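K.L.:
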Amino acid sequence: MRHILRHWSSVLQRRPFFVLPLSPHRSLCRHASTTKPLRPIMSGPSEPMAVVAPSFSSDPASLAAHAPQVLSNGVNGRQEDSSSDEEMPLSQHTPKKINGANGKRIANPSSSNSSEDDRPLTKKPRVSTGLARKRIVESDSEQESSAGPSSPPAPPVKSATKPPSRSNGAIKPKSKARSPSDSELSSEDERPLAKKGSKAPKRSASPVKKPAAKPRKSYKESSGSEDEKPLAKTVATKGRKSNGSASARVKKEEESEDDAPLAKGKKRASAGADSSTARKDVKKKVKEESGKVKKEVKEEDDEEMYKWWEQGENDGSVKWTTLVHNGVLFPPPYVPLPKDVKMKYDGQSITLPPESEEVAGFFGAMLETDHVLDPVFKKNFFNDFKDMLKEFPPKENIRITSLEKCDFRPMYEHFEREREKKKAMTREEKKAIKEAKDKLEEPYLYALVDGRKEKLGNFRAEPPALFRGRGEHPKKGTLKKRLRPEDIILNIGKDVPIPKPNIPGNWKGVQHDNTVTWLAHWKENVNNQAKYVFLAASSSWKGQSDRSKFEKARELIKHVDKIRKDYTEDLKSKVMADRQRATALYFIDRLALRAGNEKGDDEAETYGCCSLLFEHVTLSPPNTIIFDFLGKDSMRFHQEVDVDIQVFKNIKIFKAEPKKKGDDIFDRLTTSGLNAYLNTQMKGLTAKVFRTYNASWTFQQQLKTTPKNGTVQEKIAAYNTANREVAILCNHQKTVSKNFEQSFAKMGDKVRALKYQRMKLRYQLFTLEPKMKKKRADLAESESDMDDEFMERHEEELREKAVEAAKKKFEKENTKLVAEKEKAQPKSVLDERLKEIKAEFKELAKERKTKKVEPKKGATVEKLEEQIQKMEARIAAARVQMEDRDKTKDVALGTSKINYIDPRLTVAWARKYDVPLEKLFSKTLREKFPWAEAEADADWVF
DNA sequence: AGCGTTACTTAGTATTATTACC
DNA sequence: GGTAATAATACTAAGTAACGCT
Numbered sequence: 001m002r003h004i005l006r007h008w009s010s011v012l013q014r015r016p017f018f019v020l021p022l023s024p025h026r027s028l029c030r031h032a033s034t035t036k037p038l039r040p041i042m043s044g045p046s047e048p049m050a051v052v053a054p055s056f057s058s059d060p061a062s063l064a065a066h067a068p069q070v071l072s073n074g075v076n077g078r079q080e081d082s083s084s085d086e087e088m089p090l091s092q093h094t095p096k097k098i099n100g101a102n103g104k105r106i107a108n109p110s111s112s113n114s115s116e117d118d119r120p121l122t123k124k125p126r127v128s129t130g131l132a133r134k135r136i137v138e139s140d141s142e143q144e145s146s147a148g149p150s151s152p153p154a155p156p157v158k159s160a161t162k163p164p165s166r167s168n169g170a171i172k173p174k175s176k177a178r179s180p181s182d183s184e185l186s187s188e189d190e191r192p193l194a195k196k197g198s199k200a201p202k203r204s205a206s207p208v209k210k211p212a213a214k215p216r217k218s219y220k221e222s223s224g225s226e227d228e229k230p231l232a233k234t235v236a237t238k239g240r241k242s243n244g245s246a247s248a249r250v251k252k253e254e255e256s257e258d259d260a261p262l263a264k265g266k267k268r269a270s271a272g273a274d275s276s277t278a279r280k281d282v283k284k285k286v287k288e289e290s291g292k293v294k295k296e297v298k299e300e301d302d303e304e305m306y307k308w309w310e311q312g313e314n315d316g317s318v319k320w321t322t323l324v325h326n327g328v329l330f331p332p333p334y335v336p337l338p339k340d341v342k343m344k345y346d347g348q349s350i351t352l353p354p355e356s357e358e359v360a361g362f363f364g365a366m367l368e369t370d371h372v373l374d375p376v377f378k379k380n381f382f383n384d385f386k387d388m389l390k391e392f393p394p395k396e397n398i399r400i401t402s403l404e405k406c407d408f409r410p411m412y413e414h415f416e417r418e419r420e421k422k423k424a425m426t427r428e429e430k431k432a433i434k435e436a437k438d439k440l441e442e443p444y445l446y447a448l449v450d451g452r453k454e455k456l457g458n459f460r461a462e463p464p465a466l467f468r469g470r471g472e473h474p475k476k477g478t479l480k481k482r483l484r485p486e487d488i489i490l491n492i493g494k495d496v497p498i499p500k501p502n503i504p505g506n507w508k509g510v511q512h513d514n515t516v517t518w519l520a521h522w523k524e525n526v527n528n529q530a531k532y533v534f535l536a537a538s539s540s541w542k543g544q545s546d547r548s549k550f551e552k553a554r555e556l557i558k559h560v561d562k563i564r565k566d567y568t569e570d571l572k573s574k575v576m577a578d579r580q581r582a583t584a585l586y587f588i589d590r591l592a593l594r595a596g597n598e599k600g601d602d603e604a605e606t607y608g609c610c611s612l613l614f615e616h617v618t619l620s621p622p623n624t625i626i627f628d629f630l631g632k633d634s635m636r637f638h639q640e641v642d643v644d645i646q647v648f649k650n651i652k653i654f655k656a657e658p659k660k661k662g663d664d665i666f667d668r669l670t671t672s673g674l675n676a677y678l679n680t681q682m683k684g685l686t687a688k689v690f691r692t693y694n695a696s697w698t699f700q701q702q703l704k705t706t707p708k709n710g711t712v713q714e715k716i717a718a719y720n721t722a723n724r725e726v727a728i729l730c731n732h733q734k735t736v737s738k739n740f741e742q743s744f745a746k747m748g749d750k751v752r753a754l755k756y757q758r759m760k761l762r763y764q765l766f767t768l769e770p771k772m773k774k775k776r777a778d779l780a781e782s783e784s785d786m787d788d789e790f791m792e793r794h795e796e797e798l799r800e801k802a803v804e805a806a807k808k809k810f811e812k813e814n815t816k817l818v819a820e821k822e823k824a825q826p827k828s829v830l831d832e833r834l835k836e837i838k839a840e841f842k843e844l845a846k847e848r849k850t851k852k853v854e855p856k857k858g859a860t861v862e863k864l865e866e867q868i869q870k871m872e873a874r875i876a877a878a879r880v881q882m883e884d885r886d887k888t889k890d891v892a893l894g895t896s897k898i899n900y901i902d903p904r905l906t907v908a909w910a911r912k913y914d915v916p917l918e919k920l921f922s923k924t925l926r927e928k929f930p931w932a933e934a935e936a937d938a939d940w941v942f
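Quick note on numbering: the first sequence equals residues 1 to 942 in the UniProt record's numbering.
1) Of the choices L765, K562, F637, whose alpha-carbon is the least far from that of I851?
2) Give the DSSP-derived three-state secondary structure of E640 in the structure shown.
3) Let's see if you can read the secondary structure: which residues bound the alpha helix (DSSP H) around R468?
4) With distances taken between CB atoms, is the gap from A936 to V915 smaller than 7 Å?
5) Could you give the distance in angstroms between the alpha-carbon of M786 and the alpha-carbon of E866?
6) Cβ atoms of D886 and V736: under 7 Å apart, would you say?
7) Can you tell me whether DSSP reads T568 as helix, strand or coil?
8) Taking the alpha carbon of E598 as the reference point, which residue from H794, K632, T568 has its own alpha carbon closest?
9) DSSP three-state label for V853, please.
10) Leaving aside the five residues before and after H414 along the sequence, list all residues of the same chain whose C-beta is less than 7 Å from its C-beta, in chain order.
11) What's the C-alpha gap between S896 and K565?
12) Tell me which same chain residues have a C-beta within less than 7 Å of the C-beta of E714, skipping the five on either side of it?
13) Our contact map puts P331 next to R460 with C-beta atoms below 8 Å; I'd like the distance itself, whole angstroms only.
14) Could you give the C-beta distance for S611 and E472, rounded to a whole number, given that I count them as a contact under 8 Å?
15) Use the C-beta contact count for E313: other C-beta atoms within 10 angstroms, 16 or more gives buried, fewer gives exposed.
16) May I ask which residues mark the beginning and end of the beta strand (DSSP E) holding V376?
17) From the DSSP secondary-structure annotation, give me the bridge partner or partners of N491.
18) Which residues mark the beginning and the end of the beta strand (DSSP E) in which W522 is found?
19) In chain order, what residues of the same chain lie with their CB nearer than 7 Å to the CB of E255, ignoring the 5 residues before and after it?
20) Output the residue ranges of the alpha helix (DSSP H) runs that lie fully inside the stretch 836–921 and measure 4 residues or longer, sorted by chain position.
21) Rounded to a whole number of angstroms, what is the C-alpha to C-alpha distance between K379 and E358?
22) Taking three-plus beta-carbon pairs below 8 Å as touching, is the stretch 553–563 in contact with the stretch 471–486?
23) Pull up the CB-CB distance for R581 and L669, whole angstroms please, since I reckon it's below 8 Å.
24) Classify Q733 as helix, strand or coil using the three-state DSSP reduction.
25) Can you check which of these residues, L754, V829, L830, is closest to I875 by C-alpha distance?
26) So, at 6 Å on beta carbons, what are the nonlocal neighbours of P501 in its own chain, with the 5 sequence-adjacent residues on each side left out?
27) What residues match up with F629 in a beta bridge as DSSP calls it?
28) According to DSSP, L448 sits in a beta bridge with which residue or residues?
29) Three or more C-beta pairs under 8 Å: does that hold for the stretch 637–650 against the stretch 614–624?
30) How far does the alpha helix (DSSP H) with V689 in it reach, from first residue to last?
31) By Cβ distance below 7 Å, which residues in the same chain neighbour D546 in space, the five residues on each side in sequence not counted?
32) Relative to the alpha-carbon of R799, which residue among D831, K823, P826, A839 has its alpha-carbon at the smallest distance?
33) Could you check which residue in Q869, I665, P393 has the C-alpha nearest to that of M576?
34) With a 10 Å radius around its C-beta and 16 neighbouring C-beta atoms as the bar for buried, classify R279 as buried or exposed.
35) With C-beta atoms as the reference, is A695 less than 7 Å away from Y900?
36) To the nearest angstrom, how far is it from the Cα of D438 to the Cα of L483?
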C-alpha cells in the first residue's frame, strides 16, 4: 500500500534527468534543448528519430513497415536508415547536462531538502551525462567538465526540484482519492475516475464504447487457453529423450543414478504416459552407457555440450526426470575474535559471547560506511542487536541500552588489520587458500539433470549479515540470520541419495517436484521472502527460457502495429478503465516503463507504470510530460517527454480533482488487468515483453550505423553506442566510479599534451615557411585550451621526466660497465647531460613566448604537414574516447546485454562485420548464449 | 476479486581477476 | 614485478507475473 503522504519530492532529487522526447515528428521538437521528440526507442548515435520499425521478416523492406515506437500518427519518423539522424552532428545529440552531480539512489528522503547534497550518500553522486535523450540533472554544484561538445545547459526543469502538488484543499478521504464515475463526467473526458478497486463506482453505468465492449478475459480465464499452464502439463517432454546420452559423468553421480530407480521419479507429472516413456528411455541409455562412461570418468570434462536448441520444442511444465545434486553449502561457523579485540560500551571493554559478538562485528565492519549514519539502519540493527544480547549478554553484566555508547572501533580496526594481512600474503599462500576453497566447493558446482552435468548458479546458503536494502528500505540494518539445514528445503530426484549438509542438522524438507527448476529453497527472515538455488545462466533450463523470452518478443513484432493502433484509439475511449489502460500502454511501449505491481508497506517506495502516483507526473503544456519517480532499486526515472496530445489530455483528466498527491494516476488499472488485456492481443503477451522487444529492436536499428570499413575498434565503438542507447532506454544506471573525475581529468591532460605537440609542429612549420600561415589558415589558430599555465606545467613535467630518465640511463650504463669490468663514467657525464636538458627546456620556455620553433633537422613543409595530420588524428581519437567515457560513466551497459538484447543480434553483427565475438561477449556470456552462436548467421534479424 | 505465495527474471554493487602502466 | 585501472564475476535484492486460497 502506499501511503498518501510521502515525501516524494524530496526524495527525488538525485537522479539524472533525461529528457526524452516523445513526439514522433522531428519537427515537433521545438525545444531541442529540453525536450526531444519521442523516441525512446531509438535514438541514434545520432539520436533521435530514427524510429525504425521492427519486422518479423528478414526482409528489410518489411522492416520499415513496423515502427516500434511510432506513434499514433501514421507517419512517424520511422525510417529505414536514419539518414536524417546521421546528418546530425553528434554534438547536438549529446545530452546536455544541466548540471552536475546527483546521487543515484535516493538516499534519505527525510533529509531531503536543499541541502541534501551535503550529506554523505551511500553512493557517490553521479554526474549525469547525456545520452540520446538528454538527461538533465538537478542542479547542483558542479558544472560538469563534460568533454563532449558541450551542450548548452538545458533550462532547469521546473519540476525538477519538487513535483508540484496541485491539490488544493480538496476534500479528500484520507485514503485514496476517488474519482467520479464515468457517468458523471460532463464530457467524457473531463474527470478522473474512481479509484481502482472497490470503492469506486464501477463504470458499469457508463456507456460503453466499442473497444470497451471487448470482452476482456481475466487472466484466469485466459489461462485456460492453451498457453498457460494447462498446456505445459499436457505436453510431455518431447525433446528430452535423447538426453541420457549426455556424457561423462562424475563417478559419484553415476553411482547414485544407477542406484536410483529412475522410473519412479515421476509422480506428479500429469504428463503421464509420455513422460514416463521418455523417462524410461533415459534410464535405459544411462544404463547402457554407464559402463563405458565410467571408464572415461577420469577425464571428466569435454563432455560434449548438450545442444538443447537442436531438440525441438520443449514446452512444458515437466522440467526434469532425474535430478541429482548436493544441496547447499553452508558457510563456515563463526570464529570468535581474539581475546584482545573487544568492543566498548560507555568506555569500558566488554566481552560478548560469540553469538552477539558476530552481530556486533557486522556493524563494526561498516564503521566507515554511510550505513552507520543512517537512522533507520541504526535503529533496525540496534533492535536486533539488543534482542541478541538478551539471550547472549556480555560477561560483564552490563546492560546495553544505547547505540551511541557502543564503540565498535576495536573490532573495525581488527578487521582492517586482517584485511591487510590477507593482502600481504604471498602468492603461494593465496593460492593454497584458493585451492582449499575450490576443493570444498567442488561437490556443489554441478547437478546432474536427466543425466547431464549442469552448472549451478548460487549453491551457497547466504551468510548472516545486516540486510542492505536499496533505497529507503524500512528494514535496512535488520539482522539476516544464519541459516541452518533446518531452514532449507531441497528439491531433488525421487530415488536419489539425499545429500548430507556440511554442518550438523537435518534438512527442513525434501521434495521431488519435477515441475520446477529450483534445487533448494528457504525463507529469509528479514522480509520473509523465498530464496532459491537455481542452475546457472549457462544451463539448459535458463537457456531455453531465455530463448523463448526473445522469441516471444519477436512474436510481438507481428502484433505490435495492431496493438498500437488499438491503444491509440483507446486513448479516447469513453470507458475510463480502457482509457487508462491505453495511456499506460503508451508509456510502457514508448518509455519502456515496467509494469508497476503493487508493493507492500514494508518495502521501499518504488513505482512502475501502473502504480504511478499523482505527484510522479507533471504536465507542461502544450504536450510535455515530466516523469519523476523512483523505479526498481530506487533508481530515479526522471524524464521529460513530448507526448501525443491525447495522452497529455488524459493525464490531465487522470489527475483532475479530486485527486491529489498520493493518489494513483491509473486508479482503474492493475498490472493483472493490463496483462489480461495484453493476453487477448497476443497469447502470452505481458507488459515486460515490451521492454525486451523495444530493447532488441532498438539495438538492431542502432547497429545499422556501424561503419562497414572501419577498424575493429571503430566497429566496437558503434556496437557500444548502440548498447548504450538501449541502456538509456531501459534506464540502466550505475554509480559513477569514485575515481572517475580524476581519471577523466588525466585523459584531458593527455589530450592537451597531444595538442601541445601539435602546436610545436605548427610553429615549426610556420617558422620554416611563413607563407604557410596564410595557406594553412586552419593551423594558424591556437589551441583553445592551451593556456600558458598548462604549458608551463606540462613542460615542467616533461623536464622532470627527462631528468629522471637521464639519471636512470646513466646508472644503467654504469652498472653495465662495472659488470663488464670497465670503469664507470664519472658523475660529470651525468651533470653534462642534465645541463643539456636544462638548456633544452629553457629553449622550450622561450619558444612558448615567441611562438617560434626552430625546425628540427631535416624538416620539410611536407613532412611537417604530415606529422600534424597524424597528430590531429590522435587528438581526435583521444577526444572521441573521452567523450565516450563521459557518456558512459553512469550508464550500465551490462544489464541490457545480459537480459534485453537478443544475443543473436550480437552474433549476427559480429559475423557480418567480422569482429571477434569475444570482444563483445565475456566468457560467461558466451556460455550463457551458445544457442545464439549456433543459430544466428550474419543475416539474422530480430 | 483480492491478496498472499511461489517461481523465476532483472538489477546494481561488492569482490575478485585481469590488464595496463610504470 | 608491483600497483593502479578496468573488466569480469559473485552476490543478493527487487522486480514481474502466475498461482492458489478464501
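Here a beta-carbon is modelled for each residue, glycine too, at the ideal position from N, C-alpha and C.
Because the structure is a prediction, the values reported are computed rather than measured.
P.N.:
This is what the structure holds:
1) Residue identity check: residue 851 is Lys in the sequence provided, not Ile. Selected option, being the one with the closest Cα: L765.
2) strand
3) Careful: R468 lies outside any alpha helix (DSSP H) and carries neither H nor E.
4) no
5) 22 Å
6) no
7) helix
8) K632
9) coil
10) L337, V341
11) 28 Å
12) P707
13) 7 Å
14) Contact flag wrong, Cβ pair sits at about 16 Å.
15) exposed
16) Unbroken run through V376 is the alpha helix (DSSP H), 375–391; no beta strand (DSSP E).
17) Q511
18) 520–523
19) Legend: pLDDT at E255 = 34, less than 50; position of this residue unreliable, value from coordinates given subsequently. Cβ within range, chain order: n/a, list empty.
20) 861–888, 894–899, 903–912
21) 18 Å
22) no
23) 6 Å
24) strand
25) L754
26) P485
27) F637
28) V324, K453
29) yes
30) 687–703
31) none
32) A839
33) I665
34) Residue placement at R279 is flagged as unreliable, the pLDDT there being 37, under the threshold of 50; the coordinate-derived value follows with that caveat. It counts as buried.
35) yes
36) 22 Å
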